[in-house]
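All remarks here apply to the structure that follows.
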Amino acid sequence: MWKERERKAKEAERRIREIARQARQEHLKTTNGLTTSASVRQKQRSVAFAFSNRNNKRRANKPSDRSAVEEWFLNHEVLVKGSAVDSETGQPLPWFHGFIGRTQAEQLLENYVPGTFLVRLSERIWGYAISLRSPDRCKHFLIDAAGSSYQFFGAGHLAHSSLSDLILYHKISPITSTGQELLVYPCPRDSNVSNVQQLFEA
Numbered sequence: 001m002w003k004e005r006e007r008k009a010k011e012a013e014r015r016i017r018e019i020a021r022q023a024r025q026e027h028l029k030t031t032n033g034l035t036t037s038a039s040v041r042q043k044q045r046s047v048a049f050a051f052s053n054r055n056n057k058r059r060a061n062k063p064s065d066r067s068a069v070e071e072w073f074l075n076h077e078v079l080v081k082g083s084a085v086d087s088e089t090g091q092p093l094p095w096f097h098g099f100i101g102r103t104q105a106e107q108l109l110e111n112y113v114p115g116t117f118l119v120r121l122s123e124r125i126w127g128y129a130i131s132l133r134s135p136d137r138c139k140h141f142l143i144d145a146a147g148s149s150y151q152f153f154g155a156g157h158l159a160h161s162s163l164s165d166l167i168l169y170h171k172i173s174p175i176t177s178t179g180q181e182l183l184v185y186p187c188p189r190d191s192n193v194s195n196v197q198q199l200f201e202a
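Laid out in structure tokens, this is it:
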């Protein structure tokens with residue numbers, strides 16, 4: 001019985017790796033190859049995680065306030081893990097909108113097609129919120145980034161080694177089986193540029 005479970009687990013892991021590989025290839029095509037190679041990115045992550053394990057102080061279960069989230073994001077997520085920034089240019093990735101609330105996210109998304117999404121910082125957890133335009137309404141999903149991986153809260157969600165990997169994976173693999181939500185189009189940041197600039201200049 002356990003051998004059969006192990007076989008199924010390995011097969012599922014193989015499928016997950018293949019989906020992630022396809023998503024990365026698609027991403028490379030859409031960005032004209034302006035990313036580092038997979039091997040280089042993996043080395044960068046290994047160094048980052050090692051650095052993180054040596055230097056991270058024990059954090060509280062939840063952020064005490066917005067400034068604590070800001071410090072965590074800049075000093076840990078950006079400097080150590082390279083989250084939410086382009087590895088070539090160092091600029092914020094187009095889907096990242098910094099500190100905006102649920103209502104503002106919905107207002108930004110309401111004029112775009114289903115599949116349009118943005119990523120924002122959560123002030124309630126060590127992590128992020130994804131706001132997604134679906135056919136009938138906007139949906140919001142929390143991402144746990146407290147440890148060394150990134151995954152949606154709730155049972156049955158996969159852990160990813162980076163925030164970008166999570167987003168690339170869910171470009172072709174639905175977030176939930178019932179909703180079939182895909183992260184297809186980054187929401188333009190035109191009306192929210194100053195918010196992100198202020199965060200990175202802090």
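FYI, the numbering for the sequence shown is 1 to 202, going by the UniProt record's numbering.
Glycine residues also receive a C-beta, built at the ideal position from the N, C-alpha and C atoms.
Interface flag, G82 vs chain B, CB-CB below 8 Å: Within the model displayed, chain B is absent; a lone protein chain is all it includes.
Sub-8 Å separation of F96 and V78 beta-carbons: No, the Cβ-Cβ distance between F96 and V78 is not below 8 Å.
Anticipated Cβ contact below 8 Å, L163 with A84, distance rounded: With a Cβ gap of about 6 Å, L163 and A84 count as contacting.
Continuous beta strand (DSSP E) stretch holding R66: start and end: Per DSSP, R66 lies in no beta strand (DSSP E); the unbroken alpha helix (DSSP H) holding it starts and ends at 66-72.
Whole runs of the beta strand (DSSP E) within the segment 106-157, excluding any shorter than 3 residues: The qualifying runs are 116-121, 127-133, 138-144.
Residue range of the unbroken alpha helix (DSSP H) whose run includes L168: Looking at the DSSP string, the run of the alpha helix (DSSP H) that includes L168 is 163-172.
Cβ contact check for the segment 165-179 and the segment 142-154: 3 or more pairs under 8 Å: Flag = yes, the segment 165-179 and the segment 142-154 touch.
Beta-carbon proximity check, G127 vs A146, cutoff 8 Å: Yes. Within cutoff.
Assumed close pair R124, K62 - CB separation to whole angstroms, cut-off 8 Å: Contact flag correct, Cβ pair sits at about 7 Å.
Where K43 falls: helix, strand or coil (DSSP): Note that K43 scores a pLDDT of 40, beneath 50, so its modelled location is shaky and nothing firm can be said.
Between the CA atoms of F99 and N195 - distance to the nearest angstrom: Inter-residue distance for N195 and F99 is about 7 Å (C-alpha atoms, whole angstroms).
Simplified DSSP assignment, three categories, for H76: Note: H76 maps to helix in three-state DSSP.
Cβ-based burial, V113 [other Cβ within 10 Å; buried from 16]: Classification for V113: exposed.
Inter-residue spacing [alpha-carbon to alpha-carbon] between A159 and V69: Each residue's Cα considered, the two are about 21 Å apart.
According to DSSP, residues forming a beta bridge with H97: In the DSSP secondary-structure assignment, H97 is not bridged to any residue.
Reference L142; option with closest CA among K81, A129, P135, Q198: The candidate whose alpha carbon is nearest that of L142 is A129.
Counted within 10 angstroms of its Cβ, other Cβ atoms place D165 as buried (16 or more) or exposed: The residue is buried, with at least 16 neighbouring Cβ atoms inside 10 Å.
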